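Undergrad: In terms of this note's numbering, the sequence shown is residues 30 to 309.
Structure provided below as structure tokens; questions to follow.
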Amino acid sequence: MTVLDVLQSTTAYFKKREIESARLNAEHLLAHSLGKKRIELYLEFERPLAEAELAPLRELVRRRGQGEPLQHLLGTVEFCGRTFLCDKRALIPRPETEELVELLMAEYGTRDPDFRVLDVGTGSGVIALSLAAAWPDARIHAVDLSENALSLARENAARLELTDRVQFKESDLLQCVADVYDLIVANLPYVPAGERTQVSREVLRDPDAAVFDGPAGDEMIRRLIETAPPHLKLGGLLALEIGIGQAAGLCAFLKERNYHDISSRQDYAGVTRFLLARYG
């Protein structure tokens, strides 16, 4: 079989198993198994593949067909122009979270050494590390309740040579946090526990604690809203990624807790996905 034959047969297999972006998945897995860049496949469509080249691909294709996330099979994910390690220890970063980082970069621009950032529920560290790379003089801390997630975040920091830029710490939200910050950003779990059957099989491969919250889905976000004020500098910003349909209730809750300049922002799909609010 040629490279093109393999891509076509794998794409057909993925379509039967309702894998989204079937051709793109096939290209990524073939390139990964061959140790090439995806674009290089287009220059080798007619090249025959030896059995030794096909064997590792078959196992990857089988696992992807069973719903194992592409990012887990590749071991990496692209986020804000950088490559991060990605595995089952933490949530797979989503495009919406990239939009949150872009929003914050546009809001603040380059920061000075006195600018302090806290990333709550950091997971694989993509938010904290992306901001650290964009704001080389800012002081950035990140917390997560999961030591497994923190171990992955630290590996990503080392991979990106940002170990000295971000301090990682285990904490249940702000329980072990003592400092105050100009910006607290969080992408916390926001899917209601009762919606487990409505999410994709790929999402079910993420850690439950990183995806699902209580019956409403926003319980943890509300806890952060309640406990954040002592950790925000005067006029400090709280930036949140939220679930579908949660904006109105959370905006009202922020107002009740004496936040001001409360605003919501849509993601590129037109979903109200982000909340910004200041305190003090």
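A virtual CB, placed ideally from N, CA and C, is assigned to each residue, including glycine.
Since we're looking at a predicted model, the values are computed, not measured.
1. Taking three-plus beta-carbon pairs below 8 Å as touching, is the region 171-180 in contact with the region 137-152?
2. Can you grab the Cα-Cα spacing for the pair D208 / R168, in whole Å?
3. For a test of the three-state rule: what should DSSP assign to V155, helix, strand or coil?
4. Using only CA atoms, which one of L266, E128, L53 lies nearest to V146?
5. Please classify Y308: is it buried, with 16 or more other beta-carbons within 10 angstroms of its beta-carbon, or exposed?
6. Closest to H101 by CA distance: which of I68, L263, N54, R188 is it?
7. Answer with yes or no whether the minimum CB distance from S62 to chain B is below 8 Å.
8. Pick from P122, R188, L269, D247: whose alpha carbon is nearest that of A162?
9. So, for M134: in the same chain, excluding its five sequence neighbours on each side, which residues have a beta-carbon less than 6 Å away from its beta-carbon?
10. L114 lies in the beta strand (DSSP E); which residues open and close that run?
11. Roughly how many whole angstroms lie between the Cα atoms of E322 and P77?
12. Below 8 Å between beta carbons: does that hold for N185 and L217?
13. Since V106 and P85 are thought to touch, with beta carbons under 8 Å apart, how far apart are those beta carbons, to the nearest angstrom?
14. Classify C205 as buried or exposed, calling it buried when 16 or more other Cβ atoms lie within 10 Å of its own Cβ.
15. Closest to L114 by C-alpha separation, out of F282, F43, V155, K66, would be which residue?
16. Quick one, are the C-beta atoms of G213 and A178 less than 8 Å apart?
17. For K66, which three-state DSSP category applies?
TA: To lay it out plainly:
1. yes
2. 11 Å
3. helix
4. L266
5. With 16 or more other CB atoms across the displayed protein chains lying within 10 angstroms of its CB, Y308 is buried.
6. For the residues I68, L263, N54, R188, the minimum Cα distance to H101 belongs to N54.
7. Absence of chain B from the displayed structure is noted, only one protein chain being present.
8. R188
9. A163
10. 111-114
11. As displayed, the chain neither begins before 30 nor continues past 309, which places residue 322 out of reach and without an answer.
12. no
13. Contact between V106 and P85 does not hold, since their C-beta atoms are separated by about 20 Å, which reaches or exceeds 8 Å.
14. exposed
15. V155
16. Here residue 213 is Ile; the residue named in the question, Gly, does not match the sequence. Not a contact, by the Cβ cut-off of 8 Å.
17. coil
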